[in-house]
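Heads up: the structure comes next, in C-alpha cells.
2 protein chains.
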Amino acid sequence: MTGIAQRVAGFEGQLKDAGLRMTQQRRLILRVLAEADDHPDAKGIFTRAFALDPTLSLSTVYRTMKVLETQGAIERHAFEDGVSRYEHADQEHHDHLIDIESGEVIEFSSDAIEELQRRIAAELGYELVRHRLELYGRKKRPGVRGKKG
Amino acid sequence: MTGIAQRVAGFEGQLKDAGLRMTQQRRLILRVLAEADDHPDAKGIFTRAFALDPTLSLSTVYRTMKVLETQGAIERHAFEDGVSRYEHADQEHHDHLIDIESGEVIEFSSDAIEELQRRIAAELGYELVRHRLELYGRKKRPGVRGKKG
DNA sequence: TCCTTATTGCAAATGTTTCGCAACTGCATT
DNA sequence: AATGCAGTTGCGAAACATTTGCAATAAGGA
Ligand SMILES: [Mn+2]
Ligand SMILES: [Mn+2]
Ligand SMILES: [Zn+2]
Ligand SMILES: [Zn+2]
Numbered sequence: 108m109t110g111i112a113q114r115v116a117g118f119e120g121q122l123k124d125a126g127l128r129m130t131q132q133r134r135l136i137l138r139v140l141a142e143a144d145d146h147p148d149a150k151g152i153f154t155r156a157f158a159l160d161p162t163l164s165l166s167t168v169y170r171t172m173k174v175l176e177t178q179g180a181i182e183r184h185a186f187e188d189g190v191s192r193y194e195h196a197d198q199e200h201h202d203h204l205i206d207i208e209s210g211e212v213i214e215f216s217s218d219a220i221e222e223l224q225r226r227i228a229a230e231l232g233y234e235l236v237r238h239r240l241e242l243y244g245r246k247k248r249p250g251v252r253g254k255k256g
Numbered sequence: 108m109t110g111i112a113q114r115v116a117g118f119e120g121q122l123k124d125a126g127l128r129m130t131q132q133r134r135l136i137l138r139v140l141a142e143a144d145d146h147p148d149a150k151g152i153f154t155r156a157f158a159l160d161p162t163l164s165l166s167t168v169y170r171t172m173k174v175l176e177t178q179g180a181i182e183r184h185a186f187e188d189g190v191s192r193y194e195h196a197d198q199e200h201h202d203h204l205i206d207i208e209s210g211e212v213i214e215f216s217s218d219a220i221e222e223l224q225r226r227i228a229a230e231l232g233y234e235l236v237r238h239r240l241e242l243y244g245r246k247k248r249p250g251v252r253g254k255k256g
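Protein chains in written order, with this note's numbering: chain A, 108 to 256; chain B, 108 to 256.
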C-alpha cells in the first residue's frame, strides 16, 4: 500500500537516526526491493540493481541487506536451498508455502497456527519469540478430491 | 526403543538392496548417530567418530550422511545458524523448539499443528508433502504468568 | 583367493557470505 | 561553495560449510 517514494523517505529517516547515510546504492537497492514481488536472493537483487547501475558491487548488496535487516526494513528467509532470500517488511507477518515442483513461493497467514505455536511453546515453558514455518507441497489437480472422494 | 545393533543390521539390509556396502566407516558413523541424543552437525559427528577411529575423514561423514538420508535412515535439519544437523529417523515425526539463550533444542509434536498445516496447504490448493517448523523461544521464569496475571 | 566396483582419504574446488583496505562520498559545518 | 570527518563502496581475498576428482583401498560375491 505504501508508495516506493514514501518508503524510501521513511527509511532515510531511520538511517539518519542511526547515524547512517542514504547513499545512491542504498536508494537503488531499496527501489529494487520495493518493486520486487518475489523473494530474491542477494545475487538476484544484485542482478536487477546492476542493470540500473553497473558500478554496483555484490558486496554492497550484502552489506545493505544487513543494514536493512537491522533497521527492520526487510526480512530474511532461508528456505530449503539454504541461500538467504529477502523481502521488504512493510507487510504483516506471513509464512510461506513452496511449490516443490515449480519453486513458486506462496504467502499465507493463519491466526490459528500463530496462536497454536504460541500455545505449544508455552506448554513447554517457553515464550515464543519467533518462528519459522515453511510448507512444501504439490499442486492438487482440480477434480481430484481426498482419499475417500 | 530399537537397539543399536538391530538398527545397524536393519540398515545393512537396506544398503545391500541398493547395491551399496556396509563399511567400517558407515558402521562407525551409524553407531555415533545411534548414541547421540542431540542434533549434531557433520563436524560434531566427525569429532565423535574420529575419537574411535582416527583414520576417518570428514568427507566420508558428509558422504555417509547423504547416503543415510537417501535411505531414510536419518533426517537433516538446518536451523537458524545454517549448518546441517542430523538425527536418526527411527522416532516418529516431531518438530523443534530452540532456546534462543542456550541453544538447547527441545523436541515436540502436535497432531493439531500437523493437521492445521495440512488444511492450510489444502486451502491453497496444495497437497502438503513436508514442512519445516521451528519455534524460537525464551524460557519463562516460573511464577511469572501472562500479562494479566 | 580373485575380481569387480563401491568407497575412502586427500586436496582442491564450490558457492555463499564476510572482511580488509584504500579510494570515495554523504552531509554537517564553516 | 569549500572543507573535513566519518560512513560507505568496490575489489580482491578470506572464511566456512559442503562437494568433488582421483588414485588407492576394501567389500563381498564368485
Ligand atoms: Mn513473503
Ligand atoms: Mn529432533
Ligand atoms: Zn507465522
Ligand atoms: Zn511437524
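Beta carbons: idealized from backbone N, C-alpha and C, even for Gly. What you are looking at is a predicted structure, and each value in this text was computed from that prediction instead of being measured.
Annotation for H200/B: S216 place their beta carbon closer than 7 Å to its own, counting only its chain and skipping 5 residues before and after. Per the coordinates, the alpha-carbon of L122/A lies some 14 Å from the alpha-carbon of R170/A. Remark: the C-beta of L240/B is in contact range of ligand 4, defined as less than 6 Å to any heavy atom.
I213/A: not part of any alpha helix (DSSP H); member of the beta strand (DSSP E) spanning V212 to F215, first to last residue.
With 16 or more neighbouring CB atoms inside 10 Å of its own CB, L137/B falls in the buried class.
Judged by DSSP secondary structure, A228/B falls within the alpha helix (DSSP H) whose first and last residues are D218 to E230. E176/B has its Cβ no nearer than 6 Å to any heavy atom of ligand 2. Under a 10 Å Cβ-count criterion, Q224/B is classified as buried, with 16 or more other Cβ atoms of the shown protein chains found around its own Cβ. At a C-beta separation below 8 Å, R183/A has no neighbours in chain B, since its nearest C-beta there lies roughly 10 Å away. With a threshold of 6 Å, the Cβ atom of E214/A counts as near ligand 1, since some heavy atom of the ligand is closer than that.
Not one heavy atom of ligand 4 is found less than 6 Å from the C-beta of D202/A. Contact annotation: in the stretch 114-146 of chain B, no residue has its CB less than 7 Å from a CB in chain A. Judged by their CB atoms, I220/A and V212/A are not nearer to each other than the 7 Å cut-off. For I207/A, the nearest CB of chain B lies under 7 Å from its own CB, placing it at the interface with that chain. Rounded to whole angstroms, R226/A and D160/A show a C-alpha spacing of 48 Å. Here R192/B carries a strand assignment [DSSP, helix/strand/coil]. Residue range D202 to D206 is occupied by the beta strand (DSSP E) that includes D202/A.
Under the DSSP assignment, K173/B falls in the alpha helix (DSSP H) whose first and last residues are L165 to T177. Not one beta carbon of chain B lies nearer than 7 Å to the beta carbon of R226/A.
Residue pairing by DSSP places K246/A opposite Y233/B in a beta bridge.
Check the Cα spacing between L175/B and each of R248/B, R114/B, D145/B and E230/B: the tightest is with R114/B.
Along the stretch 190-207 of chain B, going in chain order, the ones with a CB nearer than 8 Å to a CB of chain A are L204, D206 and I207. Annotated three-state conformation of R133/B is helix, per DSSP.
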